[in-house]
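Read through the structure below, which is laid out as structure tokens, and then see the notes.
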Amino acid sequence: MTTYKVCVVGGHCSNRVMIVAEQLTEFFEKQGIACQVVTHLAAGEYGFPPRSNLILQLLPAFTESEAGCPVINIKPLIGDPMHPATIEKILTQIQADYPT
Amino acid sequence: MKSRIYLDYCATTPVHSIVRDAILSALEADFGNPSSLHWAGQNAAGLLKQARADVASALGCAPDEIIFTSGATEADNLAIFGGLKRLPPNKTHLITSAIEHHAVLHAAQELEREGCAVTCLPVDGRGLVDPEDVRRAIRPETALISIMLVNNEVGSIQPIAEISRIARERGICLHTDAVQGIGLLDVDVNALGVDMLSLSAHKIYGPKGIGALYVRRGIELSPLIVGGAQEGSRRAGTENVPGILGLAAAVKLVRGHRAEERARLLGLRERLVNAMQASGPGVIVNGPKGEVAPHVVSVSFEGADAEMLQIRLNQEGFAVSLGSACNSKSIEPSHVLTAMGLPREQIEATLRISLGMFTTEAELDLFVDALTRVLPRVAV
Chain A
1 MTTYKVCVVG GHCSNRVMIV AEQLTEFFEK QGIACQVVTH LAAGEYGFPP
51 RSNLILQLLP AFTESEAGCP VINIKPLIGD PMHPATIEKI LTQIQADYPT
Chain B
1001 MKSRIYLDYC ATTPVHSIVR DAILSALEAD FGNPSSLHWA GQNAAGLLKQ
1051 ARADVASALG CAPDEIIFTS GATEADNLAI FGGLKRLPPN KTHLITSAIE
1101 HHAVLHAAQE LEREGCAVTC LPVDGRGLVD PEDVRRAIRP ETALISIMLV
1151 NNEVGSIQPI AEISRIARER GICLHTDAVQ GIGLLDVDVN ALGVDMLSLS
1201 AHKIYGPKGI GALYVRRGIE LSPLIVGGAQ EGSRRAGTEN VPGILGLAAA
1251 VKLVRGHRAE ERARLLGLRE RLVNAMQASG PGVIVNGPKG EVAPHVVSVS
1301 FEGADAEMLQ IRLNQEGFAV SLGSACNSKS IEPSHVLTAM GLPREQIEAT
1351 LRISLGMFTT EAELDLFVDA LTRVLPRVAV
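Okay, here's the thing in structure tokens:
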């Protein structure tokens, strides 16, 4: 069974990406959403997008056509880990392509 | 292979070949300890003496007013901590500005933790300190004023000469961090009226790890590093002769070409700004509109994510900066741009491009081409 992979994408700051990824992991667990949360820093020299089912990015790193999967901007989560509009977008997308 | 173009001269500069040759000769032939009494030591001591004289001449001061340090960060720390420690106990107030380099700001914060009072003066939207704010901030217990000559993020040139008149009236010591000014402005400690001045080699085509602090005769400092009588007992440790020779060579190099280089960079800066603004709407140049350090361009791109823009430009081969190099990995926005009153969205859309001796028109044209291609991909 393939694991649904969510990739949190950041820029230079690995701390920031890790914090957001950890908060999302905790959130998904509480919501009963089974998925793997990984991280990726877009600041590499070549900047290839990671292979994922869903990309949640802290900055405009990739488009959907580049990534080959849905992409959601989650920058508001830096200031507010439960930013309502952003959380709703994430949940809606996960529900759409990974119905529980 | 994609060409790589460096546009981050405020962060550091490549070592010029003249400087490199001066360093190499010291590494290979002149390896003595200047404190040794034999031929090897005295050879090194002679070179050290000449280097000190060269740096002093460039600043318009006496050789014994120069203390060599490991860089401007140490020089700033020495000026602030070393300067205050020698003063009477009732002199416990430091005046500085909100846009200083962290070497000064963090030293000021440490002083506050130790019980010293610190006034951080605001700046206006151009990044300039008002000398009258300095005057108003002075108290009977004010011991030291530290205001940088040129800001490293936006290129604003502070009215140091005017501030020095105010400081002199009140008998208060004035320090300036001249790291970004020494290469392109006419820096004479007497014309500026400063009592202490910090400089760094690696911002003027010299090596990293070496700088200097000018200290006017009569001003006493408590050393931060003890354990020897070097630098007039003000900074212990066997002198970094290769580094010092490199610093002296760098200072002579930039001093010799200052006026023409300033004019050249002003022309390049204008060309770059015009090209960027012609490339599309929403391009804002931050900092003063009039007199500005010719090598620094702080520019905001409305609606863009500057971090992703910097990443994409790096992938295209262009080295530019998000604000100052020292805070490019910090989550908090630039303290300089914040102090200037820029809104957070604008700060997060801001890059710093800094020009130097090896920057050409062709490089800037390529940069603007790449910028135009990349900007649509980094919209927030």
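As they're listed, the protein sequences go chains A and B. Numbering follows our numbering, with no gaps: position 52 of the first sequence is 52. Heads up, our numbering is the position in the second sequence plus 1000, with the first residue counted as 1. Glycine included, every Cβ here is placed at the ideal spot set by N, Cα and C. Remember, it's a predicted structure, so these values are computed and weren't measured experimentally.
Contacts between alanine 1263(B) and chain A, judged by CB atoms closer than 7 Å, are missing: the closest CB pair is about 35 Å apart.
Looking at the DSSP output, tyrosine 1006(B) bridges to Ala1319(B). Cα atoms of valine 1015(B) and leucine 1355(B): separation of roughly 15 Å, rounded to the nearest angstrom. Within chain A, the residues placing a beta-carbon under 8 Å from that of valine 1380(B) are Pro60, Asn73 and Lys75, ordered along the chain. Along the stretch 1292-1311 of chain B, the positions whose C-beta sits under 7 Å from a C-beta of chain A are Asp1305, Glu1307, Met1308 and Ile1311, read in chain order. Judged by their CB atoms, threonine 25(A) and valine 37(A) are nearer to each other than the 7 Å cut-off.
Leucine 1185(B) has its alpha-carbon roughly 11 Å from the corresponding atom of alanine 1263(B). Considered as a whole, the stretch 1119-1164 of chain B harbours 1131-1137 as its complete alpha helix (DSSP H) runs of no fewer than 4 residues, in chain order.
Looking at the backbone, the Cα of glutamate 1220(B) and that of glycine 1083(B) are separated by about 7 Å.
For methionine 1357(B), the secondary structure class from DSSP, reduced to helix, strand or coil, is coil. Rounded to the nearest whole angstrom, the CA to CA distance from valine 1179(B) to threonine 1069(B) is 13 Å. Closest in C-alpha terms to histidine 1175(B), from the list Ile1210(B), Asp1076(B), Glu1361(B) and Glu1162(B), comes Asp1076(B).
Note on glutamine 57(A): 16 or more other CB atoms within 10 angstroms of its CB, so buried under the neighbour-count rule. Listed along chain B is no residue with a C-beta nearer than 8 Å to that of glycine 68(A); the closest approach is about 17 Å.
The stretch 1199-1210 of chain B makes contact with the stretch 1238-1247 of chain B: 3 or more CB pairs, one atom from each, lie closer than 8 Å. Interface with chain B (7 Å Cβ-Cβ cutoff): glycine 11(A) is included. For histidine 40(A), the closest of Ala21(A), Asp80(A) and Glu29(A) by C-alpha to C-alpha distance is Ala21(A). Interface criterion met: the Cβ of alanine 42(A) is under 7 Å from a Cβ in chain B.
The secondary-structure analysis by DSSP pairs aspartate 1177(B) across a beta bridge with Ser1198(B).
Residue pairing from DSSP places cysteine 7(A) in a beta bridge opposite Val38(A) and Ile55(A).
In its chain, beyond the 5 residues on either side, Val20, His83 and Thr86 have a beta carbon closer than 6 Å to the beta carbon of leucine 77(A).
The three-state secondary structure of arginine 1234(B), taken from DSSP, is coil. In the structure shown, phenylalanine 28(A) adopts helical secondary structure according to DSSP, grouped into three states. Counting C-beta atoms within 10 angstroms of its own C-beta, arginine 1113(B) has fewer than 16 neighbours from the protein chains shown and is therefore classed as exposed. Assignment of beta-bridge partners to isoleucine 1067(B) by DSSP yields Leu1213(B).
For serine 1298(B), the uninterrupted beta strand (DSSP E) segment begins and ends at 1296-1301. Taking a cut-off of 8 Å on C-beta distances, the stretch 1087-1097 of chain B touches the stretch 1132-1144 of chain B, as three or more cross pairs fall below it. Bridge partners of asparagine 1190(B) according to DSSP: none are assigned. For threonine 1012(B), the secondary structure class from DSSP, reduced to helix, strand or coil, is coil. With distances taken between CA atoms, glutamate 1100(B) lies nearest to Ser1156(B) out of Leu1322(B), Gln1050(B) and Ser1156(B). DSSP lists Ile55(A) as the bridge partner or partners of valine 71(A). Assigned with DSSP and collapsed to three states, histidine 1093(B) falls in strand. Nearest neighbour of serine 1321(B) by Cα position, chosen from Glu1307(B), Pro1333(B) and Glu1332(B), turns out to be Glu1307(B).
Using a 10 angstroms sphere on the CB of proline 1088(B), the tally of other CB atoms stays under 16, which defines it as exposed.
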